[in-house]
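Right, one structure below, let's go through it.
Protein chains: 2
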Amino acid sequence: MSPPKHRVIHAELLDRITSGAWPPGAAIPHEEELAREFAVTRPTIARAMADLVNEGLIERRRRAGSRVVERRPVEAVLRIPRVRAEIEASGRAYGYRLLRRALSDHSSPPPEDFRGAGLRLLCLHAADGRPFQLEDRWIDLASVPEAAGRDFAAEGPNEWLLDRVRFSRAAQELTAEAASAEEAELLGVAPGSPVFVVTRATWNGPAPVTRVRLVHPGAGFRLVAHDRAAGGAAG
Amino acid sequence: MSPPKHRVIHAELLDRITSGAWPPGAAIPHEEELAREFAVTRPTIARAMADLVNEGLIERRRRAGSRVVERRPVEAVLRIPRVRAEIEASGRAYGYRLLRRALSDHSSPPPEDFRGAGLRLLCLHAADGRPFQLEDRWIDLASVPEAAGRDFAAEGPNEWLLDRVRFSRAAQELTAEAASAEEAELLGVAPGSPVFVVTRATWNGPAPVTRVRLVHPGAGFRLVAHDRAAGGAAG
DNA sequence: AAGTGGTCTAGACCACTAG
DNA sequence: TAGTGGTCTAGACCACTTT
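For the protein sequence lines, the chains are A and B, in the order given. Mind the numbering: the first sequence is residues 3 to 237 in the numbering used here, read in order. Mind the numbering: the second sequence is residues 3 to 237 in the numbering used here, read in order.
What follows is the structure in structure tokens.
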């Protein structure tokens, strides 16, 4: 029925921060004092404060107390969509085509840190028949041996990997580039025109799992990011 | 000295997920059972599990129990750098120039949802003398009246806002576009060449605070995103 | 040296929901 | 309707760090 106390307290403290009652750098009352004010026990206050820490809004140090952060980094959470789901969710028809499938060899070596042979796949994802994403992927067969037995003719490696393979760490880079001649032709855009590129590398422990470069025609493509948390400084 | 129990337990549970011992969809033992296994009380288990929920790795429902999530969305945390800090951190000289400063009027209306007059600023940030970012900003003077009294000739509005003004919500979009004639000239690139554009809107409660379009030459510019959490499925 | 946050326990009640 | 997670209390001990 009623919201939990720690949540009510969290909301109240949040409001004191965003309203300016507690400006950046201001000291926040001790847990014990807040416990008295809200008529709860200290662990309940601690829970609310812990959430504020997670959201990057306050800093806490033993003996020094708690403060509103001075300069909060601008952070946003980016949700990188599954191609197929993204396209179908927008009501367009999804299309997939495998353009190339090859094992690594001396003329085409895998990424440096791969543990074993690499499987390289070049795929084109389309929305309503128009090129949407060009996927250039390497899979480390030492990490994902099952991939060697799949032809990926009907299903893209993106979806297949997402549903099967675990990872522990990923790194991503976003860039705007000029389409190469090959990319331009495959994506149906003019050579040199802007493309939005997502590069993602994935590891499981120390072992590389997969590395992919996703190229989208710049026109009409956007990545939307939402807040990591509420409150803080604006820019 | 020794890490807290809830952290040790969290790490162990995480390993069972990433190692495949608990594959996606698998049921996780009840809190009580885990409490026995790790020889702690139930709240300590709850703390470790809560962290896993925050990281998007497990789902919990009353009576139904806890499960490893089936399909985890690919999420990454994007840290959008402060221009000046970013440039200086890389050892380059930071340069700033105000190109235009104007109040909104009938020929140049502010963004639709602004509550009051808008202040528009066009600024160029440079690294080692070369254009790095073109900042096209609107500030809602109803939310930030102090901005009207500043000329922004020496300091960019980005930095000024970040250190002073609070917000409660932000939305961001990332796109790759072709440089317009004006942008190309100001950035010192060829018209039509790729630029990386970040668009950010910021509110405090229901009130718009600022809206900005940041344009970077595509060549050499990249945005790096790190994991939101470890574990999950790879793609 | 003292004050603060970090953690943990033991026990309890409640809300939700699957069966 | 019974089992599960969600929350809270009261009390305690410890680690860290500033004074």
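Ideal Cβ placement from N, Cα and C applies to all residues, glycine included. For clarity, every value in this text was computed on a predicted model and none was experimentally measured.
Counting only runs of 3+ residues, the beta strand (DSSP E) found wholly inside the stretch 59-83 of chain B occupies 60-63, 67-70 and 76-82, in chain order. For residue 159 (chain B), the secondary structure class from DSSP, reduced to helix, strand or coil, is helix. Going by beta carbons, residue 129 (chain B) and residue 89 (chain B) fall inside the 7 Å limit. Around the beta-carbon of residue 170 (chain B), 16 or more other beta-carbon atoms lie within 10 Å, marking it buried. The Cβ-Cβ distance between residue 216 (chain A) and residue 200 (chain A) falls below 7 Å. The stretch 63-70 of chain A makes contact with the stretch 26-35 of chain A; the number of CB pairs closer than 8 Å reaches 3 or more. In terms of CA proximity to residue 45 (chain B), B:8 leads the group B:105, B:147, B:8 and B:176. With respect to chain A, the C-beta atom of residue 75 (chain B) has a partner C-beta closer than 7 Å. If you ignore the 5 residues before and after residue 48 (chain B), its C-beta comes within less than 7 Å of the C-beta of 33, all in its own chain and listed in chain order. Listed in chain order, the beta strand (DSSP E) runs fully inside the stretch 111-163 of chain B are 120-129 and 132-142, counting runs of at least 3 residues. Look at the stretch 140-155 of chain A: it has no residue with a C-beta under 8 Å from a C-beta of chain B. Look at residue 229 (chain A): its C-beta is under 7 Å from a C-beta on chain B. Setting aside the 5 residues that flank it on each side, residue 161 (chain A) is surrounded in the same chain by 84 and 86, each with a C-beta closer than 7 Å to its C-beta; the list follows chain order. The residue among A:17, A:38 and A:145 with its C-alpha nearest the C-alpha of residue 54 (chain A) is A:17. As a beta-bridge residue in DSSP terms, residue 104 (chain B) pairs with B:122. Boundaries around residue 12 (chain A) are those of the alpha helix (DSSP H), 7-20, since no beta strand (DSSP E) includes it. In the three-state reduction of the DSSP assignment, residue 86 (chain A) falls in the helix class.
Identification of residues in the stretch 159-173 of chain A having a C-beta nearer than 8 Å to some C-beta of chain B yields 160, 161, 163, 164, 165, 166, 167, 168, 169, 170, 171, 172 and 173, given in sequence order. Taking a C-beta cut-off of 8 Å against chain A, the contacting residues of the stretch 27-57 of chain B are 56, listed in chain order.
The criterion of a C-beta distance shorter than 7 Å is not satisfied by residue 11 (chain B) and residue 52 (chain B).
Against chain A, the beta carbon of residue 157 (chain B) has no neighbour under 8 Å; the closest one sits roughly 13 Å away. Under the 10 Å beta carbon count, residue 185 (chain B) is surrounded by 16 or more other beta carbons and is classified as buried. Residues of the same chain with a CB within less than 6 Å of the CB of residue 174 (chain A), apart from the 5 flanking positions on each side, are 202 in chain order.
CA-to-CA, the gap between residue 121 (chain B) and residue 151 (chain B) works out to about 11 Å. Around residue 89 (chain B), no beta-carbon contact reaches into chain A at under 8 Å, the shortest distance being about 15 Å. Around the beta-carbon of residue 147 (chain A), fewer than 16 other beta-carbon atoms lie within 10 Å, marking it exposed. With three or more CB-CB distances shorter than 8 Å, the stretch 208-227 of chain B counts as touching the stretch 132-148 of chain B.
Residue 158 (chain A) and residue 209 (chain B) have their alpha carbons spaced roughly 44 Å apart.
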